Amino acid sequence: MRHLLSTRDLSRDAAIELLDVAEDMADTQLREVKKLPTLRGKTVVNLFFEDSTRTRISFEAAAKRLSADVINFSAKGSSVSKGESLKDTAQTLQAMGADAVVIRHPASGAPQTLATSGWIDAGILNAGDGTHEHPTQALLDAYTIRKRVHGSASRGKDLDGLRVTLVGDVLHSRVARSNVWLLTTLGATVSLVSPPTLVPVNTTGWPVAIGYDLDEAIEGKPDVIMMLRIQAERMRDAFFPNSREYSKRWGLDDGRLGKLQATTIVMHPGPMNRGLEISAAAADSPQSTVREQVTNGVSVRMAALYLLLSGDREDA
Ligand code: CP
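So this is what it looks like as C-alpha cells:
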C-alpha cells in the first residue's frame, strides 16, 4: 500500500487484509507485547491542521507500539500562522526524514494533494479531510462491528447481510462518507437517516437508501445504529433545526434506546454531544461500542502504518 487516502478506492480484499492485520496487532497487545520492533528507524509525522483527540493520540500510540519515531505537528503554534503553505510545511517535514505523514486538514482533498503532487516521497495517511473522508475511522468502525458480530472467528470475514443505519449530520460527516463506501464494499446494507437539510445535495452514486424518520428506521430493526456528531463548527449556512427539535426527532434518546433490539450495536465516532445526538444512557449502555471503537482504533492504525511502511511500498 502506497497511501491510505479514502475507503472509496479500497477493494474488499485490501479492506479485509487491513482488518486481519489489525487483529494480529490487537493479539500482540493482549499478549502484553507492548512494543514490536517492526518500524524501528522509521519516522511518522502527525500533521494536524484541525483539532483531534482520538485520531492523533491513537496514531501516535500505534506508531510508538511499532517502534517508529513520532513527530507531532499542530498547525496552532506553528509557522502556518505566518502564512507558510502546505507544500512548504510538508517539505520541511520531509527534510527532517518523514517516512509517513498522517494528515488532518480542513480542506477536502488535502491528503490527495500531498500524495499526488510530488512535493514529498512519504506515504500519506488521511486522518480526516474536510467533509470528504476519514478512512481509518471507518476501518475501526468496520473492525468493531466485525468483532462484535463474529467474535474470535472474525478473521477473513466481511459484513455480508448486516444492516447499518447512520443517523444525523451526514452533510458535514467525513465519517459517514468513509463508512458508506467501506461498509458496502464489505457487504453491509447501509441506510442514512438525517434532517432533510443535513443530507448532501448530491448523493448520486451513493449505494444507500436515504430516509428522514428515525423512529421508522428503528422499527426496521437495524443491526447497527451509528450516531453522527452534529458538527456545529461546519454548520455555516446549513439550516440546523434547534437543538431541542433535533434531539427530539433525530437523537438516540432513552426512549428510542429502549425500542432497539437488544442485539443492535450503538456506535458513535466521538466526540459526542451528549444530550443532543445521543443520550448519556445510550452512550454508556452495554450496546454501545464507543470505548471499544477507541481501543480498536490503535490496532487499526498499527495495521495501516505497518502495511504502508514495512517492506516495499507498492503503488496504491
Ligand atoms: N473520531 C474522531 O475523528 O475523533 P477526533 O476528532 O477526536 O480525532
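Numbers in my numbering are just positions in the sequence shown, counted from 1, shifted up by 380. From the three backbone atoms N, C-alpha and C, an ideal C-beta is built for every residue, glycine too. Remember, predicted model here, so these are calculated numbers, not experimental data.
Residue pairing by DSSP places N653 opposite no residue, since no beta bridge is assigned to it.
In the structure shown, T496 adopts helical secondary structure according to DSSP, grouped into three states. T524 sits in a helix when the DSSP states are folded into three classes.
Using a Cβ distance threshold of 8 Å, M607 and V674 do not count as a contacting pair. Contact residues of the ligand CP (beta-carbon closer than 7 Å to any heavy atom; chain order) are D431, S432, T433, R434, T435, R436, G508, H514, Q517, V555, P649, G650 and P651. The segment 445 to 456 makes no contact with the segment 385 to 393: fewer than 3 CB pairs, one atom from each, lie closer than 8 Å. Counting along the chain, D400 sits inside the alpha helix (DSSP H) bounded by residues R392 to L410.
In chain order, R445, V678 and S679 place their CB closer than 8 Å to the CB of Q409, counting only its own chain and leaving out the 5 sequence neighbours on each side. Collapsing the DSSP output to three states places D501 in coil. In this structure R681 is buried. Its beta-carbon is surrounded by 16 or more other beta-carbon atoms within 10 angstroms. Between M405 and L687, the C-beta spacing is not below 8 Å. Straight-line measurement puts the Cα of H648 at about 17 Å from the Cα of Q641. A buried status is given to D549, since no fewer than 16 other beta-carbon atoms sit within 10 Å of its beta-carbon. The C-beta of R609 has 16 or more other C-beta atoms within 10 Å across all chains shown, which makes the residue buried.
Nearest Cα to T511 within the set R671, V481 and N559: N559. Under DSSP, no beta-bridge partner is assigned to F439. Fully contained in the segment 534 to 571 are the following beta strand (DSSP E) runs of length 3 or more, in chain order: 543 to 547. Contact holds between the segment 463 to 480 and the segment 498 to 517, because three or more Cβ pairs, one in each stretch, are under 8 Å apart.
Taken in chain order, the whole alpha helix (DSSP H) runs of length 4 or more contained in the segment 587 to 612 are 594 to 599.
Note that the segment 582 to 595 touches the segment 623 to 636; at least 3 beta-carbon pairs, one per stretch, sit closer than 8 Å.
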